[in-house]
Amino acid sequence: MVQRTGSRRRKTRSKLSKNVAEKGKIKIRNYLQNFKESDKVVLVAEPAVQGGMHHPRFQGLAGEIVNKQGSCYKVKIKDGNKEKMVVIHPIHLRKR
Numbered sequence: 012m013v014q015r016t017g018s019r020r021r022k023t024r025s026k027l028s029k030n031v032a033e034k035g036k037i038k039i040r041n042y043l044q045n046f047k048e049s050d051k052v053v054l055v056a057e058p059a060v061q062g063g064m065h066h067p068r069f070q071g072l073a074g075e076i077v078n079k080q081g082s083c084y085k086v087k088i089k090d091g092n093k094e095k096m097v098v099i100h101p102i103h104l105r106k107r
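Structure representation (structure tokens):
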């Protein structure tokens with residue numbers, strides 16, 4: 012098989028970049044926000060923090076918090092007909 016070139020951030024110039032007005036310091040409350048189980052969240056990547064980021068194909072999808080794993084959260088999302096579990100840092104999550 013042919014080996015894939017590049018990483019998962021490949022071809023995401025507009026998807027994983029910030030608007031000029033949004034550039035600057037990251038708000039600490041977004042970094043330390045808490046969620047409860049069964050909270051509805053939207054996956055919105057924070058490009059300045061690469062750790063705990065979801066795959067770009069899940070950008071903008073809504074999901075449900077299942078439980079906490081360390082400082083991250085397990086989020087159940089629907090990708091087509093399949094339900095998937097994604098572990099995401101809270102800076103990449105927004106309340107729905």
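First residue of the sequence shown: 12, per the numbering used here; consecutive thereafter. The beta-carbon is built from N, C-alpha and C at its ideal position, and this holds for glycine as well.
For residue i: DSSP bridge partner residues
i, result
"ILE88", "GLY74 and LYS95"
"GLN44", "DSSP, once it has assigned bridges, lists no residue as partnering GLN44."
"GLN14", "Looking at the DSSP assignment, GLN14 forms no beta bridge with any residue, so it has no partner."
"ARG21", "Its beta-bridge partners do not exist; DSSP assigns none."
"ARG68", "Beta-bridge pairing links ARG68 to no other residue."
"ARG105", "VAL53"
"LYS29", "In the DSSP output, where bridge partners are listed per residue, LYS29 has none listed."
"GLN80", "CYS83"
Close Cβ partners of residue i (< 7 Å) along its chain, the five nearest in sequence each way excluded
i, result
"VAL98", "GLN80, CYS83 and LYS85"
"LEU27", "ARG20, ALA56, PRO58 and PRO67"
"ARG107", "LYS51, VAL52, VAL53 and ALA73"
Distance CB(residue i)-CB(residue j) smaller than 7 Å
i, j, result
"HIS66", "ARG19", "yes"
"ARG105", "VAL60", "no"
"ILE76", "GLU57", "no"
"GLY63", "HIS100", "yes"
Same chain, Cβ closer than 8 Å to residue i, five either side skipped, listed in chain order
i, result
"PHE69", "LEU54, ILE88, ASP90 and VAL97"
8 Å contact criterion, which residue i and residue j should meet: CB distance rounded
i, j, result
"ALA73", "LYS51", "6 Å"
Chain-order list of residues whose beta-carbon lies under 6 Å from that of residue i (same chain, five-residue window excluded)
i, result
"ILE102", "ASN41, TYR42, GLU57 and VAL60"
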